[in-house]
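Enquirer:
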Amino acid sequence: MKRSAVPSVALIAAAALVALLVYGVAIKGSDTTLDDAVRKGRLPQAPGATMKLPRLDGGGKASISDFRGKVVVVNVWASWCGPCADEAPVLQKAQKALEADGAGTVLGVTNNDFPNKSIAFERKHGLTFPSVRDLGIKLYRKLGGTGVPETFVLDAKGRIVALSRGQVSEEFLTQAIAKAKAST
1 MKRSAVPSVA LIAAAALVAL LVYGVAIKGS DTTLDDAVRK GRLPQAPGAT MKLPRLDGGG
61 KASISDFRGK VVVVNVWASW CGPCADEAPV LQKAQKALEA DGAGTVLGVT NNDFPNKSIA
121 FERKHGLTFP SVRDLGIKLY RKLGGTGVPE TFVLDAKGRI VALSRGQVSE EFLTQAIAKA
181 KAST
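If you count by full-length UniProt numbering, then the sequence shown holds residues 1 to 184, one letter each, in order.
(1) Exposed or buried, which one is Ala180 when buried takes at least 16 other CB atoms within 10 Å?
(2) Once DSSP output is grouped into helix, strand and coil, what is the label at Pro115?
(3) Just checking: is the beta-carbon of Ser169 within a distance shorter than 8 Å of some beta-carbon in chain D?
(4) Among all the DSSP beta bridges, which residues are the ones paired with Trp77?
(5) Cα-Cα, which of Val73, Ser118, Val90 and Arg133 is closest to Val106?
(6) If you draw a straight line from the C-alpha of Asp155 to the C-alpha of Asn116, how long is it?
(7) Might you give, ordered along the chain, the residues of its own chain that have their beta carbon closer than 8 Å to the beta carbon of Ala14, omitting 5 neighbours on each side?
(8) By DSSP, does Leu135 sit in helix, in strand, or in coil?
(9) Which residue wins for smallest C-alpha separation from Pro47, given the options Leu56, Arg55, Ala37 and Pro54?
(10) Spatial neighbours of Lys61 within its chain, please: C-beta separation below 8 Å, excluding the five flanking residues on both sides.
(11) Taking Leu34 and Gly144 to be in contact with their CB atoms under 8 Å, please state how far apart those CB atoms are, rounded to whole angstroms.
(12) Just to check my reading of the structure: Thr50 and Ala78 have Cβ atoms closer than 8 Å, yes? What is that Cβ distance to the nearest angstrom?
(13) Beta-carbon within less than 6 Å of Glu150's beta-carbon, same chain only, minus the 5 sequence neighbours each way: which residues are those?
(14) How close, in whole Å, do the beta carbons of Val153 and Leu163 come, if the pair is a contact with beta carbons under 8 Å?
(15) Once you ignore the five residues that flank Val148 on each side, which residues in its own chain have a CB closer than 7 Å to its CB?
(16) Which residues share a DSSP beta bridge with residue 185?
(17) If you run the structure through DSSP and keep just helix, strand and coil, what is Thr146?
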């Protein structure tokens with residue numbers, strides 16, 4: 001009776017796949033994503049902080065690092081995003097509070113949006129914080145963007161103390177800003 005080679009080949013392939021999986025887990029070590037680092041209290045530096053991006057208002061270029069020494073709430077948004085519109089009043093309230101005590105600013109980062117639509121969005125929602133245009137979503141990628149809105153709260157040293165992948169609440173921002181102020 002002749003034995004088929006298929007079961008042997010399948011067994012070898014399965015063993016190789018398991019070995020590859022074990023190797024991948026072994027060399028990966030600890031997870032280095034921003035989310036996990038922040039969750040573990042590591043306070044990573046904001047990636048892409050020195051990238052100069054065009055200001056939405058046309059006033060030159062700006063980067064996250066331009067605000068070093070202050071708390072910065074980096075909010076990635078787009079005019080076509082419903083949750084972005086819903087969180088706009090919360091971000092504006094945070095901006096007013098940060099301005100009032102001189103502690104920092106909200107910095108908007110538009111994502112895949114036309115400038116005229118972004119400007120109209122800011123006017124409609126009464127936003128007074130500065131925004132930059134992330135052309136080619138380069139900063140978004142460096143931040144590990146998964147969708148809009150996303151918010152990264154940085155302390156005066158440029159370290160991420162809190163982040164939100166999704167719409168932020170007033171409670172989240174209040175707690176995150178307090179943490180950023182305290183971490184100096």
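Heads up, the beta-carbon is just placed ideally off N, CA and C, and yes, glycines get one too.
Expert: Taking the geometry as given:
(1) buried
(2) helix
(3) Here chain D cannot be found, since the structure has a single protein chain.
(4) Thr110
(5) Val73
(6) 31 Å
(7) Summary for Ala14: the model assigns pLDDT 49, below 50, so the residue's position carries little reliability; its value from the coordinates is reported in the next sentence. Within the same chain, Ala14 has no close Cβ partners at all.
(8) helix
(9) Ala37
(10) Lys52, Leu53, Pro54, Arg55 and Val132
(11) 5 Å
(12) Going by Cβ atoms, the distance from Thr50 to Ala78 rounds to 23 Å, so no, they are not a contact pair.
(13) Val76 and Arg165
(14) 7 Å
(15) Val76, Trp77, Ala78, Cys81, Cys84 and Asn111
(16) Since the first and last residues shown for the chain are 1 and 184, residue 185 lies out of range.
(17) coil
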